[in-house]
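Working notes for the structure below.
Residue numbers (our numbering): 2 to 1092.
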């Protein structure tokens, strides 16, 4: 467990601080820190001058990562070096960027001036003004020497230096020299680049394939590319032959195989061509729209028609056509009002509406005289036009607003709760609806039935499907069905640990279960959060003891104590500190003035000498203890911190520096203050100034004061040293015995012993008695820690087995052709946020080309009969046999038949499967929660929104399904020609009929598909293009900056965007006002746009 500590000075009273820190954690932050739904949030300082960012659960609002970053971006999934998906997010602190994991651990150190997203395993980064690329292990794969770098695509990335552009490959080689004025990414093996003002195409060797004769160009798609010459557009193939003649004034976008176009000779008349460039409809129309449902809308003079692909007029429309057919209905308009006609030209909905939204589940929202109602597919008004707003929150439920009061409506338009509430919110588990009336909160279910009257001052969403209710200064607990499980009689209830929570009644603390059962009497002065299975509890008389999760206590009492860590706890008896184990027995007798918790076998301690006892003015010294109570580093420091990242900040003779685990100075004692290393950087003070340093002592970043520095106390590594002269490694076993510098590698485990040593490519073992046992293994790697044991995979003569460091024996024979790392199996649970213990540790093994699973004693759990087997996920493992996939349980039973062509692993109770060429999604019981009928499904970074793909008339159409409600819920049906899979700041890019827009995480098309190009949504306003001009809109689609620019980039972190107008480039702020460029430029063109 990481302990997050804010330092306001170079050394603090640790005991007082830990009390305050635990108090804050207990009351402010629930204990379950893991979530698949982390979203950024920010909070302002008391003065309002600064903002800090952290992460919260997007459903419950619970803070999971405290706000201590100056900027935080959305979490994203990437593949690690083992090709497994991991979730990370970019964060900024002290002017530098890095990546963190979901539990706020460092993934990429926060040291970069700029840092992009990972593409093809590489991320653009800027360091000291120059850009390069790093991989997911933070190794520099492309040197930091370029002015600008752009993300990898198809194995190549653009780089720029001295105003010239070239390409690097994934290995960091300059594959194509820096010779071009402009360049774009490779697509289908070719990239278009500019030289001497003209565009041509090159291959990945830099060879010119198509000459530099074009004014503009686009990527190759399906073997052809759009090009512009003499102001006109056409298409060429990869030999440069004109597939579609370069004669068109507009860029031809093809839908259903045809495109509406004009030529210079057509006198501004429109016609249609096919993908071969053949004219299929003559150039006789004044206006033309794209084909949809085999019909195109055209205007001749003032009359509108629908035509087929032969040009035959199918029928005349009595009204101007605004939008072609979608699901058999076309939107028409007159006098800026809208209606609907069918394919017979019959008016289905009268032309009286200000807005008509798309149909979903047979209904559409309509707006008239600024009021909303609902019509069905017959155009009948089924909900009257009297509401200020209608908003569907689930498939079957919408809230309605009228005169600032809220009510609820079903999918059929039936009002299930009248507009009487001041505020509403939804708790998606069981669709519990929170409502506020007359300043008090209550709850109703999805049928409108009141399950809790509005009598509560506040209802607070928690994880694990529960809510905390507040009334008259008291709190209780309510489940997702609205039932009060813990009465509202407590002053405070903390986070739950294995179903137990610490609670307070008046000034007394106790422990209760989630269902309300009291498991300890409320007679404690304070109880700290659970750690290592125990909660530190303080008696009213000032003494301390420990409680387990069942409320039972260790009978002994202590004058002072700290929470358990690494299986030990620091306690104070008779004025001196020592350590006990989980049974309450003394591990180290009390003899120290101060101690800090053990971290991988070392504990910071302050000596307690006779001289100290006689003269309190004399400062006792600090050193570091081993688990047997011996000094590994003798007490000689005036002040000190615990080890972090292999080093400790210590003070000696009035000056601060850093020591290694051997106790030797690593960074000299030259500073007035120092803080522990975090993310490869420490902090030192010279005079009144604080600066960050690297582990070579180089200083590079300055801050105003130590209060701006956030330290995450990490575990320290095992105690080994290296002789830089001969590149050999040795080991400190105790203070008097140092292993010689004779080994090539050391593989450390837990504790001060139990390690493997490699010399001359042979591995042997150092046991707990400091004896070297000669096993002569070829290799030693993977490990799993369980019950104080480390299971290490060992290899001998091409075969694999496992070694247990607790028993110090080979527990699984070296007889398998292959073996993978041990992993934990967690039980299947309907409550996936619950803190649960793993069932046990297991490993996959291979023999004769077949795979199975064994436990930690070598017992066969899953027989070795499968072609492939995955790790257990939520109690099930996916197995493959004869090309088909199914699922087995931990007792080897086939739970779901081996019949799927492809299948995923269970996550949150569901997984994707493919059967008979179609995709769907099933739950643990094999029930189809998304019918297996789609051509493809894929995930978004919102686990509840799934992209579905269906082929209609040989054309792929995309839509979405929302999993937050039972059954299949389509949102925005299959109407998109392409979709992104990543929500950025709550919006996902979609395209329909050649136009782009965005949907939100409820599936609403909040920015309609009407733009020719769009930028990223990370920063608002959003850059969008209509025709040939760019402008900026809000996330609600409102125009913020008009469409006046010839080119525009998205706004960056500085609040500026680079634009071009009339051949001049300059920066604007978010109101459109021209500004000078600020120092920090968001130079990452993640959208891979044209400019």
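Every residue, glycine too, gets a C-beta built ideally from N, C-alpha and C.
Because the structure is a prediction, the values reported are computed rather than measured.
Go to residue i, then tell me how far its beta strand (DSSP E) extends in each direction, as first and last residue.
| i | result |
| --- | --- |
| residue 480 | 475-480 |
| residue 1021 | Note, residue 1021: premise wrong, no beta strand (DSSP E); not H, not E. |
| residue 810 | 810-817 |
| residue 490 | 485-491 |
| residue 426 | 424-428 |
| residue 54 | 52-58 |
| residue 857 | From DSSP, residue 857 is part of no beta strand (DSSP E); its letter is neither H nor E. |
| residue 256 | From DSSP, residue 256 is part of no beta strand (DSSP E); its letter is neither H nor E. |
| residue 219 | 217-222 |
| residue 127 | 123-128 |
| residue 684 | 682-687 |
For residue i, does the three-state DSSP call read helix, strand or coil?
| i | result |
| --- | --- |
| residue 343 | coil |
| residue 405 | coil |
| residue 150 | strand |
| residue 184 | strand |
| residue 1072 | coil |
| residue 331 | strand |
| residue 1005 | coil |
| residue 293 | strand |
| residue 267 | helix |
| residue 432 | helix |
| residue 114 | coil |
| residue 549 | strand |
| residue 82 | coil |
| residue 693 | strand |
| residue 981 | coil |
| residue 950 | strand |
| residue 539 | strand |
| residue 499 | coil |
| residue 642 | coil |
| residue 868 | coil |
| residue 598 | coil |
| residue 621 | coil |
| residue 398 | strand |
In terms of DSSP beta bridges, what is residue i paired with?
| i | result |
| --- | --- |
| residue 318 | 305 |
| residue 776 | DSSP, once it has assigned bridges, lists no residue as partnering residue 776. |
| residue 68 | Its beta-bridge partners do not exist; DSSP assigns none. |
| residue 462 | 468 |
| residue 141 | 135 |
| residue 249 | 234, 264 |
| residue 244 | Partner(s): none; residue 244 has no beta bridge. |
| residue 903 | 915 |
| residue 929 | 923 |
| residue 41 | 56 |
Please go through the same chain and pick out, in chain order, the residues whose beta-carbon is closer than 6 Å to the beta-carbon of residue i, but skip the five residues on each side of it.
| i | result |
| --- | --- |
| residue 979 | 992 |
In its own chain, which residues sit with a C-beta less than 8 Å from the C-beta of residue i, not counting the 5 before and 5 after it?
| i | result |
| --- | --- |
| residue 653 | 637, 638, 639, 670 |
| residue 216 | 199, 200, 229, 230, 231, 232 |
Use the C-beta contact count for residue i: other C-beta atoms within 10 angstroms, 16 or more gives buried, fewer gives exposed.
| i | result |
| --- | --- |
| residue 988 | buried |
| residue 766 | buried |
| residue 439 | exposed |
| residue 1067 | exposed |
| residue 1075 | exposed |
| residue 1043 | exposed |
| residue 998 | buried |
| residue 1035 | exposed |
| residue 1 | As shown, the chain starts at 2 and ends at 1092. That puts residue 1 outside it, with no answer to give. |
| residue 541 | exposed |
Which same chain residues, not among the five before or five after residue i, have their C-beta less than 7 Å away from its C-beta?
| i | result |
| --- | --- |
| residue 709 | The pLDDT assigned to residue 709 is 39, lower than 50, so where the model puts this residue is not dependable, and the model offers no usable value. |
| residue 326 | 293, 294, 296, 344 |
| residue 952 | 936 |
Looking at the C-beta of residue i, does it have a partner C-beta in chain C at a distance below 8 Å?
| i | result |
| --- | --- |
| residue 965 | In the displayed structure, chain C is absent; only one protein chain is listed. |
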